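Inspection log for the structure reproduced underneath, given as structure tokens.
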Amino acid sequence: MVALDSLDPYSSLTATSAGAVRASASTGAVRTDVSGEWAPVDPSVVTDEESGELRVASPVHAITFDPKDGSGFVAIESDEGAISLDVPVDLGAPRVSGSRVVWDVLDATEVRVKLAGHG
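Right under this line is the structure:
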């Protein structure tokens with residue numbers, strides 16, 4: 082049985098049937114509670130049903146691509162604050178494939194963002 086109060090994205094404590102406690106830790110996030118409930122990290126990029134924005138399916142911190150508010154081409158929010166990245170040219174509509182987002186820029190140039198998953 083997992084001690085829910087011990088969960089964080091990187092570690093957990095589990096009570097075993099033998100009465101011991103097993104500690105698990107990872108160098109990368111394996112779970113997230115960004116939705117309000119613990120779930121596995123999923124770096125896939127999906128379209129948000131409500132806003133129509135591109136977002137990471139199950140990230141540790143909320144990540145949005147091509148935000149509708151015009152705050153750059155990627156925005157990341159956490160409890161500590163927010164950051165957005167932008168470039169001085171219009172990127173247009175991105176192409177999405179799994180956990181990769183690509184914008185065509187100028188002649189034969191691309192801006193690419195690839196999210197790495199762990200687990």
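Residue numbers (my numbering): 82 to 200.
Don't be surprised by glycine CBs; every beta carbon is placed ideally from N, CA and C.
Quick caveat: nothing in here was measured; it's all calculated off a predicted structure.
Per DSSP, what kind of secondary structure is residue 87 in: helix, strand or coil? helix
Hey, out of 174, 141 and 193, whose CA is closest to residue 149's CA? 174
Tell me the residue span of the beta strand (DSSP E) that contains residue 158. 155-159
Helix, strand or coil for residue 191? Go by DSSP, reduced to three states. strand
In the DSSP assignment, what are the bridge partners of residue 152? Answer is none; residue 152 lacks a bridge partner.
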